[in-house]
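Take a look at the structure set out below.
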Amino acid sequence: MIYSEIIKNGCNFLKKHKIKNPYLDTELILSKVTNKKREEILLNVNNKLNNKDITKFNKYLFRRYEKEPMAYILGYKHFWKSKFLINKSVLIPRPDTELIIEETLKYLPKEKSKKILDVGTGSGCIIVSLLKERPKCSATAIDISKNAINVAKTNAKLHQLENKINFINIDIDKYKSNNYDLIISNPPYINSIELNRLDDDIKFHEPMLALSGGSDGFRDLRKVIKKSKKLLKINAKLILEIGHTQKNQCLKILRENGYFINKISKDLCGKYRCIVSTKLK
Ligand SMILES: C[S@@+](CC[C@H](N)C(=O)[O-])C[C@H]1O[C@@H](n2cnc3c(N)ncnc32)[C@H](O)[C@@H]1O
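Straight run, no breaks: the sequence shown in my numbering ends on number 304.
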C-alpha cells in the first residue's frame, strides 16, 4: 500500500471513532513507522509501505483508537526548549508547566550556583530545563515512583546533565536532606470529582500517582508546603504549580505555614497556575 492510501484509511478510521486531530495523528504515526519527517512523507506520498511496517502502523493506530495520547505512542514530548522521552509511568509534560520555568528563572541569577530540589520530578522536564538554562546550579530530583525516576534519569543523560542532578526514588514525607535555595514542585493536584471528569485520554492512560491529589486535591500540595519549611534555607523560595481553582486555599495553607507570597501567575489561558513564595523563618 502507498503512503497516501495508508494516510487516507488511517485518518478515516480515527475520524469514524471520533478521535481528535485524525489527520495529524495518522501522519505522525506513519512518520514514526517509517522514521521519516512528516514533510518527507508528504513529498513522497507514492512510496510503498512494506507489510511489516503496515502491521506496525496498524498497531499504533489501534493504540490511538483506544485513546492513548500521541505523546505515549510517539515516546516523546517537547517541553520548554527540549525534547523529553516519556512513557506511561510519567505525566506528559504540559505547556502550562512552562510557566514554572519562566517564573523560576527570574529567581535564579545566571552567575549564581543555587541548590535546587524538584519534588515529583516525573519525566524530569522541569529540572532538566532549568539546569540547561542555569548550568551553575546543582539539583536533587525526587519522585515516589521508581519508574518515573528511571525516565527522568534517561532524560538527564540525554541532555548531558546526569552528573548535575541527583535522582532519588523517595516519598517527600521521608525526605530529610535540607538547606535548599529553591524548591519547585508540580505535585498531583486533581480532586476526586474532577478526576472522573477528565478526558479518557488522560484518565485511562496517564499515571494516577501523577494526577490524583486526594479527595480535595490538596493532599500533596499540603505535604510539599509543610515539608519544604524544613528543607529550605531561611528566605529561600518555594515555587508551586497549582490547579486553577486552588489559588485561595493554597495561599491560605502557605500563609498558615509562615510563607510570604511573592507572586501568583496566570497561564496562557489566563488561569491561576503558579505561586512563588518565600520561607520567612
Ligand atoms: C503532576 S506530576 C509532575 C511531573 C513533572 N514534574 C511535570 O511537571 O511534568 C507529579 C509527580 O509527583 C510524583 N509524586 C506523587 N506523590 C509523591 C510523593 N508523595 N512524593 C514524591 N513524589 C510524588 C508522581 O509520581 C508524579 O511523577
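Beta carbons: idealized from backbone N, C-alpha and C, even for Gly. Please read these numbers as outputs of a predicted model, since none were measured by experiment.
Residues sharing a beta bridge with residue i, DSSP
{"i": "Ala164", "result": "Asp141 and Phe190"}
{"i": "His101", "result": "Lys106"}
{"i": "Thr301", "result": "Lys260 and Phe283"}
{"i": "Ile207", "result": "Asp141 and Ile262"}
{"i": "Ile25", "result": "Lys71"}
{"i": "Glu255", "result": "First, the residue type needs correcting, since residue 255 is Leu and not Glu in the sequence shown. For Leu255, which the question treats as bridged, DSSP gives the partners Tyr203."}
Residue i (DSSP reduced to helix, strand or coil)
{"i": "Glu185", "result": "coil"}
{"i": "Leu234", "result": "helix"}
{"i": "Phe312", "result": "Outside the modelled stretch of the chain, which goes from 24 to 304, sits residue 312, for which no answer is possible."}
{"i": "Thr268", "result": "coil"}
{"i": "Leu72", "result": "coil"}
{"i": "Arg296", "result": "strand"}
{"i": "Lys329", "result": "For the chain, the structure presents residues 24 to 304; residue 329 sits outside this window and is missing."}
{"i": "Ser215", "result": "helix"}
{"i": "Ser288", "result": "strand"}
{"i": "Leu66", "result": "helix"}
{"i": "Leu114", "result": "coil"}
{"i": "Tyr95", "result": "helix"}
{"i": "Asn44", "result": "coil"}
{"i": "Leu221", "result": "coil"}
{"i": "Lys60", "result": "coil"}
{"i": "Gly33", "result": "helix"}
{"i": "Asp243", "result": "helix"}
Sequence-distant residues of its chain with Cβ nearer than 6 Å to residue i (five each side left out)
{"i": "Phe102", "result": "Pro116 and Cys148"}
{"i": "Asp223", "result": "Lys90"}
{"i": "Arg61", "result": "Glu50 and Ser54"}
{"i": "Gly33", "result": "Thr49 and Leu84"}
{"i": "Ser215", "result": "Ser238"}
{"i": "Glu121", "result": "Trp103"}
{"i": "Leu221", "result": "none"}
Residue from the options with nearest C-alpha to residue i
{"i": "Asn58", "options": "Leu72, Ile276 and Lys104", "result": "Leu72"}
{"i": "Lys31", "options": "Lys169, Pro211 and Asn69", "result": "Asn69"}
{"i": "Phe283", "options": "Thr268, Ile42, Lys304 and Lys289", "result": "Lys304"}
{"i": "Tyr88", "options": "Ser161, Ser136, Lys159 and His228", "result": "His228"}
{"i": "Arg157", "options": "Asn170, Lys137, Ser168 and Asp141", "result": "Lys137"}
{"i": "Ala164", "options": "Pro210, Lys135, Leu131 and Tyr95", "result": "Pro210"}
{"i": "Cys160", "options": "Ile29, Asn44, Ile172 and Leu140", "result": "Leu140"}
{"i": "Ile188", "options": "Lys249, Asn35, Ala233 and Val151", "result": "Val151"}
{"i": "Ile77", "options": "Ser200, Tyr198, Glu28 and Phe241", "result": "Glu28"}
{"i": "Ile262", "options": "Ala171, Leu131, Thr268 and Lys43", "result": "Leu131"}
{"i": "His267", "options": "Lys169, Lys294 and Lys79", "result": "Lys294"}
{"i": "Asn44", "options": "Val142, Pro92, Pro230 and Ala162", "result": "Pro92"}
{"i": "Met231", "options": "Cys292, Gln183, Leu244 and Lys111", "result": "Lys111"}
{"i": "Arg86", "options": "Lys75, Asn74, His40 and Ala233", "result": "His40"}
{"i": "Leu153", "options": "Ile172, Ala171 and Leu184", "result": "Leu184"}
Close Cβ partners of residue i (< 8 Å) along its chain, the five nearest in sequence each way excluded
{"i": "Asn285", "result": "Lys260, Val299, Ser300 and Thr301"}
{"i": "Leu108", "result": "Gly98, Tyr99, Ser146, Val174, Thr177, Asn178 and Leu181"}
{"i": "Gly281", "result": "Lys252, Lys302, Leu303 and Lys304"}
{"i": "Leu274", "result": "Ile284, Ile287 and Ile298"}
Presumed contact (8 Å Cβ cut-off) between residue i and residue j, rounded CB distance
{"i": "Tyr26", "j": "Asn67", "result": "7 Å"}
{"i": "Leu37", "j": "Asp48", "result": "6 Å"}
{"i": "Arg296", "j": "Ile265", "result": "7 Å"}
{"i": "Asp166", "j": "Lys246", "result": "Contact doesn't hold; Cβ gap of about 13 Å is too wide."}
{"i": "Lys155", "j": "Ser208", "result": "Not really, about 19 Å apart at Cβ, beyond 8 Å."}
{"i": "Ser235", "j": "Leu254", "result": "Actually they are not in contact, since the Cβ atoms of Ser235 and Leu254 sit about 23 Å apart, beyond 8 Å."}
{"i": "Ile206", "j": "Val142", "result": "6 Å"}
Heavy atom of ligand 3 within 7 Å of residue i beta-carbon
{"i": "Lys199", "result": "Inclusion of ligand 3 in the displayed structure is not the case, the ligand content consisting of ligand 1 alone."}
Neighbour flag for residue i against chain C, beta carbons, 8 Å
{"i": "Lys100", "result": "Chain labels in this structure do not include chain C; a single protein chain is all it has."}
Cutoff 7 Å; reference residue i; Cβ partners in own chain excluding five residues on either side
{"i": "Asp194", "result": "Ile167"}
{"i": "Ile287", "result": "Lys270, Tyr295 and Ile298"}
{"i": "Lys249", "result": "Asn280"}
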